[in-house]
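J.: One structure, pasted below without further comment.
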Amino acid sequence: MQYDIPIVIHSRESMPQSIGVVREHQNGRLKGIFHCFTGDYESACQITDAGLYLGIGGVLTYKNSGLAETLSRVGLEHMVLETDAPYLTPVPFRGKRNESSYLKWVVAKLAEVKGTTVEEVARITTANAQKIFGG
Numbered sequence: 222m223q224y225d226i227p228i229v230i231h232s233r234e235s236m237p238q239s240i241g242v243v244r245e246h247q248n249g250r251l252k253g254i255f256h257c258f259t260g261d262y263e264s265a266c267q268i269t270d271a272g273l274y275l276g277i278g279g280v281l282t283y284k285n286s287g288l289a290e291t292l293s294r295v296g297l298e299h300m301v302l303e304t305d306a307p308y309l310t311p312v313p314f315r316g317k318r319n320e321s322s323y324l325k326w327v328v329a330k331l332a333e334v335k336g337t338t339v340e341e342v343a344r345i346t347t348a349n350a351q352k353i354f355g356g
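The opening position of the sequence shown corresponds to residue 222 in our numbering, with each subsequent residue numbered one higher.
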C-alpha cells in the first residue's frame with residue numbers, strides 16, 4: 222500500500238464485486254468503512270471478516286429495509302454511525318434534508334435492535350471511528 226489512509230466504499234448494486242476487491246487488496250493494513258451499508262448478513266460477515274466496518278445511517282430506521290434484522294446479528298464492534306447528509310434521513314424526518322443532529326434517531330434505533338443503551342452504542346461506535354481515522 223502506498224498510502225496508509227482509510228478507505229470509504231460506497232457499493233451500490235455491486236456488493237460482491239466490492240467485497241472481492243477489498244479481499245484482493247487486504248494485506249492486514251487496509252482499513253475503512255462500507256458507507257451506507259444496506260446489505261445482508263452474509264455480506265456483513267464478509268466485510269467485517271476483511272477487517273472493514275459497516276457504516277450505519279438513516280436506512281436502519283426504515284420499516285421495510287431489513288437492516289435491523291441483519292444488524293441484530295452483527296456486533297457493535299463492527300459498526301460506525303454516519304448521516305449521509307443530505308440524504309437518507311432517518312424516520313421521523315424521512316423526506317426532509319438530512320443533518321447531523323438527526324443521528325440520535327439512528328443511535329436510538331440501533332440501541333433498540335442491539336438491546337442496549339444509546340450511551341453504549343455511542344461509546345462503541347465512536348471508539349470504532351477513532352480506530353479507523355485516529356484520534
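Using N, Cα and C, we set each Cβ at its ideal position, and we do this for glycine too.
Please confirm if the region 340 to 354 is in contact with the region 299 to 314, defined as three or more CB-CB distances below 8 Å between the two stretches.
T.: Touching, per the Cβ criterion.
J.: Within this structure, are the beta carbons of Gly279 and Asp305 separated by less than 8 Å?
T.: Yes, these two residues count as a Cβ contact at 8 Å.
J.: Give a yes or no on whether the C-beta atoms belonging to Tyr323 and Pro307 are separated by under 8 Å.
T.: In this structure, Pro307 does not lie closer than 8 Å to Tyr323 by Cβ.
J.: Less than 8 Å separating the beta-carbons of Leu251 and Gly276?
T.: The answer is no: Cβ separation not under 8 Å.
J.: Using the C-alpha atoms, what's the distance from Gly355 back to Gln247?
T.: For Gln247 and Gly355, the distance between alpha carbons rounds to 19 Å.
J.: In terms of alpha-carbon separation, which member of Leu281, Gly260, Ser321 and Asp225 lies closest to Glu234?
T.: Here the closest residue by C-alpha is Gly260.
J.: Between which two residues does the beta strand (DSSP E) carrying Leu275 extend?
T.: From DSSP, the beta strand (DSSP E) with Leu275 extends over Tyr274 to Ile277.
J.: Indicate whether Thr282 and Trp326 have their beta-carbon atoms separated by less than 8 Å.
T.: Yes, the Cβ-Cβ distance between Thr282 and Trp326 is below 8 Å.
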